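Participant: Residue numbers (my numbering): 7 to 138.
This is the structure we're talking about:
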């Protein structure tokens, strides 16, 4: 049995092929994945559902990352958020250090890195919700 069994993840990526690969990887970890292609759809699903982790791609055209993160926080501040990115970690740490991003995963990434992300996000979510 996977340590991720039953974990609900909301995945937003406009690129169908990337979205499907990541969704398949998460499913192999035992996660239940809702995958969407548009920002509005992501926010609607997040508002309507209960998720243990939100994963989004930073490299989407016309995405204002800070505005998106604010929208997520307005709905639920306790759900961990992971950003898929392509540049060095330090770049994003400098740019979004005070934001609501809990995890950054640099593409391309290996299955084991995604597995570790899910594990750490689950542990963080449990700690935050227990203390809140």
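Backbone N, C-alpha and C fix where the C-beta goes; we use that ideal spot for every residue, glycine too.
Just so it is clear, the structure is predicted and the values come from calculations on it, not from any experiment.
(1) Does the distance from the CB of residue 58 to the CB of residue 118 come in under 8 Å?
(2) For residue 95, count neighbouring C-beta atoms within 10 Å of its own C-beta (all shown protein chains included) and say buried if the count is 16 or more, exposed if not.
(3) In terms of DSSP beta bridges, what is residue 89 paired with?
(4) Do the region 112-131 and the region 25-37 make contact, defined as three or more Cβ pairs closer than 8 Å?
(5) Applying the criterion that 16 or more other CB atoms from any shown protein chain within 10 Å of the CB defines a buried residue, is residue 15 buried or exposed?
(6) For residue 45 and residue 137, I'd like the C-alpha separation in whole angstroms.
(7) Cutting at 8 Å between CB atoms, please list the residues of its own chain near residue 84, excluding the five before and the five after it.
(8) In whole angstroms, what is the alpha-carbon distance linking residue 93 and residue 125?
Facilitator: Let's see:
(1) Against a cut-off of 8 Å, the Cβ pair of residue 118 and residue 58 comes out as no contact.
(2) exposed
(3) 62, 110
(4) yes
(5) buried
(6) 30 Å
(7) Excluding the 5 residues flanking it on each side, residue 84 has same chain C-beta neighbours closer than 8 Å at 131, 134, 135, 138, in chain order.
(8) 23 Å
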